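> Protein sequences, first through last, are from chains X and P. Per the numbering used here, the first sequence starts with residue 1, numbered consecutively. Per the numbering used here, the second sequence starts with residue 251, numbered consecutively. Built from N, CA and C at the ideal position, the CB exists for glycine as well. No experiment lies behind these values; they were computed from the predicted model shown. Just passing along the structure, written as structure tokens.
2 protein chains.
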Amino acid sequence: MKTIALPNQTAYAYIQHSRYFQGLPEAALHAVAHAARWCTISSEQYLFHQGDPAQHFYLLCEGQLRLIQITPEGKQIILGLLSPIREVGIVAAIPNAEYPLTMQCLNPTGTLLAWDSASLTALIEQYPVLAVRAMRMVTGRFVQLQTLYRELATLRVEQRIARALVRLTRQAGVPDHVGGTLIGIPLSRQHLADMTGTTLYTVSRTLSAWEQQGIVTSGRERVIVRDRERLIAIADDVPSSPLQIEPPPC
Amino acid sequence: MKTIALPNQTAYAYIQHSRYFQGLPEAALHAVAHAARWCTISSEQYLFHQGDPAQHFYLLCEGQLRLIQITPEGKQIILGLLSPIREVGIVAAIPNAEYPLTMQCLNPTGTLLAWDSASLTALIEQYPVLAVRAMRMVTGRFVQLQTLYRELATLRVEQRIARALVRLTRQAGVPDHVGGTLIGIPLSRQHLADMTGTTLYTVSRTLSAWEQQGIVTSGRERVIVRDRERLIAIADDVPSSPLQIEPPPC
DNA sequence: GGCTGTCGTTGCGCTAGCGCAAACAGGGCT
DNA sequence: AGCCCTGTTTGCGCTAGCGCAACGACAGCC
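Here it is in structure tokens:
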């Protein structure tokens, strides 16, 4: 990661369109832009690791990030994906906080605006609405994580994979010349397994089965969703009880 | 849930000892106590449901609460337990927010202090450190939930149950006259299953096995941990690979 | 073109955990 | 005491998903 020079005007535009700074008075936006600096990050690089002291707040302007968690044994769990324009590391608003998870760049290059936590704190003090928005962001992530937890606890693997794919089409979907949706990020079987709490074998088998049914097309680190409706049906399918017996006629 | 009259002096004492209000100037504490009202809740009653508009912030003074999440199909998932003195519903600091989960009382009676969100907002505005602490609380819960998620994704059922029991001894452990630790809340097999993402059958079988090994003693809605060390060993056990072959001598 | 390394597929065997059903246990109530 | 209700245990059968191993496919590189 390194700092680069970019026109301040560009920064202003991104800031203006971010949900976090949106609607602030013009003077405030200029102050925000003035306190920011640009930085870039390249493929597979880490923006920060979970446990690092949260010294910077970022605005992701170009590229995408993976939210990952590393287990004590070194296994990685993917909690999600961030696409521009998104705020990253709001936890830097808290003095002496640590980042709760690891951020990894998955595009050849990502571009971010960065504020050190002192600047962020100063901005929040000056514009208290930023404090409320920070809270809202954190609780939003909490609710999202809760949903993931619930799915992991109650759904079968096939449904979890289906949901992951549906989410990915929303977050990184690129329309396809024949009506499908390409998931526009490098996405290996192992990645999908890490997102759904399963193994790469099961993901592979599931995708193979879906490919035969024309639901998806997949290749090396690449998935194209052909029949989104059917995928959603699988995701929402409530499994019939194991021994479904035909009710006897009266 | 109803409002009751209790001496304000008592409220002051609880507030003073809460992590959230701790260390505020005396005048502030008095203001906080003045804005509060008492309420009680009884066994199995809900303090609020997930999705309800977050209109109150609480301080749990007596009794315990279950944090639960209800799935669309009506299945319940238990995310944890709160014991006094704990803050509840900090999300009320955000205008127009909703509670992200459901709180249920599990003691015959629980006692709480309540502030409506307007009072809370006013207090936060007056003492900005409360905003920082609110953020810290929410991120703390986030990290906890993340840990649960990781465990659910990577650990086997037996380990998850062991961890749940270890946590419960910390949160509701009552020392026993013969060196064990009684978990001092009503805790059925189903509850344990809802906490660990498994079924009551598996919990029952696991506890039975542990009982034979002298690790726990259990009865109707009651578990006593006899050998905490062994439980921790199970919780941390890294399973040997399925086909562990003795390496051949050179 | 050929090599290499990474990623994907799939057959096979296995087991952890599920879920029913039926029996059992104990507390509270009349 | 006897009954009922709720919670617990456990035998049984089953299957979803795991994990190895071996092979295949494709991309990038020299």
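(1) May I ask you to verify whether the segment 48-60 of chain X touches the segment 92-109 of chain X, counting CB pairs closer than 8 Å and requiring at least 3?
(2) Got a sec, what are the start and stop residues for the alpha helix (DSSP H) Ser468(P) sits in?
(3) Specify, as a first and last residue, the run of the beta strand (DSSP E) that Arg383(P) falls within.
(4) Between Gly447(P) and Gln319(P), what straight-line distance do the alpha-carbon atoms span, to the nearest angstrom?
(5) Once you ignore the five residues that flank Gln22(X) on each side, which residues in its own chain have a CB closer than 8 Å to its CB?
(6) Could you tell me the alpha carbon to alpha carbon distance between Pro53(X) and Trp115(X), rounded to whole angstroms?
(7) Using Cβ-Cβ distances below 8 Å, what residues of the segment 41-75 of chain X are close to chain P?
(8) To the nearest angstrom, how far is it from the Cα of Gly89(X) to the Cα of Thr147(X)?
(9) Which residue marks the beginning of the beta strand (DSSP E) containing Asp336(P), and which one marks its end?
(10) Mind pulling the chain P residues with CB within less than 7 Å of Gln16(X)?
(11) Check the Cβ-Cβ distances between Thr139(X) and every residue of chain P, and say whether any is below 8 Å.
(12) Closer than 8 Å by beta-carbon distance: list the chain X residues that pair up with Pro345(P), in chain order.
(13) What does the alpha-carbon distance come out to for the pair Ser438(P) and Arg472(P)?
(14) Chain X beta carbons: is any one of them nearer than 8 Å to that of Tyr377(P)?
(15) Which residues share a DSSP beta bridge with His441(P)?
(16) May I have a chain-ordered list of the alpha helix (DSSP H) segments no shorter than 4 residues that lie completely inside the segment 272-302 of chain P?
(17) Can you give me the C-alpha to C-alpha distance between Leu481(P) and Ser42(X), rounded to a whole angstrom?
(18) Pick out the complete beta strand (DSSP E) segments inside the segment 403-435 of chain P, 3 residues or longer, and give them in chain order.
(19) Does DSSP put Glu312(P) in a helix, a strand or coil?
(20) How many Å lie between Tyr270(P) and Ala27(X) at the Cα?
(21) When you compare only the Cα positions, how much space is there between Ile327(P) and Val138(X)?
(22) Can you give me the start and stop residues for the alpha helix (DSSP H) that Leu123(X) sits inside?
(23) Using the Cα positions of Tyr12(X) and Thr260(P), report the straight-line distance between them to the nearest angstrom.
(24) For the beta strand (DSSP E) containing Gln326(P), list its first residue and its last residue.
(25) In terms of alpha-carbon separation, which member of Thr169(X), Ser204(X), Gly184(X) and Ser83(X) lies closest to Glu62(X)?
(26) What does Gln440(P) touch in chain X if you count any residue whose Cβ is under 9 Å from its own?
(27) Under DSSP, the alpha helix (DSSP H) around Arg205(X) begins and ends at which residues?
(28) Are there 16 or more other CB atoms within 10 angstroms of the CB of Thr371(P), so buried, or fewer, so exposed?
(29) Give me the residue from Ser119(X), Val178(X) and Ile161(X) with the minimum Cα distance to Ala93(X).
(30) Counting C-beta neighbours from all protein chains within 10 Å, is the total for Glu73(X) 16 or more, i.e. buried, or is it exposed?
(31) Going by C-alpha distance, which of Tyr201(X), Arg226(X) and Val203(X) is nearest Gln213(X)?
(32) Would a check of beta-carbon distances place Arg19(X) closer than 8 Å to chain P?
(33) Just checking my contact of Ile85(X) with Tyr14(X) at CB under 8 Å: how many whole Å lie between their CB atoms?
(34) Anything in chain P within Cβ reach of Ala153(X), meaning under 7 Å, just list it in chain order.
(35) Do we get a CB-CB distance below 8 Å when we pair Gln144(X) with the residues of chain P?
(36) So is Leu243(X) buried or exposed if we call it buried at 16+ other beta carbons inside 10 Å?
Taking the definition as stated:
(1) yes
(2) Premise fails: Ser468(P) lies in the beta strand (DSSP E), Val466 to Gly469, not in any alpha helix (DSSP H).
(3) Looking at the DSSP string, Arg383(P) is not in any beta strand (DSSP E); the run it does join, the alpha helix (DSSP H), is Val379 to Thr404.
(4) 12 Å
(5) Gln16
(6) 14 Å
(7) Gln69, Thr71, Glu73 and Lys75
(8) 21 Å
(9) For clarity, residue 336(P) is Arg in the given sequence; the question names Asp instead. From DSSP, the beta strand (DSSP E) with Arg336(P) extends over Arg336 to Val338.
(10) The contacting residues do not exist; Gln16(X) stays about 23 Å from chain P at best.
(11) yes
(12) Val132
(13) 7 Å
(14) no
(15) Answer is none; His441(P) lacks a bridge partner.
(16) 276-285
(17) 44 Å
(18) 423-425 and 431-433
(19) strand
(20) 34 Å
(21) 22 Å
(22) Ser117 to Gln126
(23) 52 Å
(24) Gln326 to Leu332
(25) Ser83(X)
(26) Correct list: empty, because the minimum Cβ distance to chain X is about 14 Å.
(27) Leu200 to Gln212
(28) buried
(29) Ser119(X)
(30) exposed
(31) Arg226(X)
(32) no
(33) 6 Å
(34) Ile327, Leu402 and Gly447
(35) no
(36) Legend: pLDDT at Leu243(X) = 46, less than 50; position of this residue unreliable, no value from coordinates given.
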